[in-house]
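The working numbering puts the first residue of the sequence shown at 23, with every later residue one more than the last.
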Amino acid sequence: MSKKQLAASLIAASLIGATAAFAYVPDNAVIEGIIQSVDLARQTVTLTDGTTLTASPRLSIEPLQRGEFVRLMYRQGADGHPVLTAFWIDAGVGGEN
């Protein structure tokens, strides 16, 4: 490999590393709880502990129902409020169902 090719490779690698740093998205967090309410008009889900999350525009929350035990994955939005990115509905809290 010539010195020019080596220099070009090093520059490309450093640019990729810099781009990756700017593209970093914080990890999602997971919260569990029982749904208190689902507001389809506002695209929000509120748990019985008072936590309210706004659904990502790409996520449909229509399957969620009051009283269901759920695991919700979220990230912090630009405004600091949690944005719901995924959810799992538990078949039964404490093995009830």
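Every residue, glycine too, gets a C-beta built ideally from N, C-alpha and C.
Residue i and residue j closer than 8 Å at C-beta
i: S78; j: V105; result: yes
Cutoff 7 Å; reference residue i; Cβ partners in own chain excluding five residues on either side
i: I57; result: V67, L69, L86, Q87, R88, G89, E90, V92
i: T76; result: Q65, T66, H103, V105, L106
Nonlocal neighbours in the same chain, by C-beta distance under 6 Å from residue i, ignoring five residues either side
i: T120; result: Nothing can be reported for residue 120, as the shown portion of the chain is limited to 23 through 119.
i: F109; result: V92, L94
i: E54; result: R93
i: D112; result: F91
Where the beta strand (DSSP E) containing residue i begins and where it ends
i: T66; result: 66 to 69
i: S82; result: First-last for S82: undefined, no H or E at that position.
i: T73; result: Careful: T73 lies outside any beta strand (DSSP E) and carries neither H nor E.
i: A108; result: 104 to 111
i: R97; result: 91 to 98
i: A51; result: 51 to 61
Contacts around residue i, its chain only, beta-carbon distance under 8 Å, and the 5 residues preceding and following it disregarded
i: T107; result: N50, S78, L81, M95, Y96, R97
i: L62; result: I83, E84
The ligand GDP heavy atom lying under 7 Å from the CB of residue i
i: M95; result: Looking for the ligand GDP in the displayed structure turns up nothing, as the structure carries no ligands at all.
Closer than 8 Å to chain B by CB, residue i
i: W110; result: No chain B is present in this structure, which holds just one protein chain.
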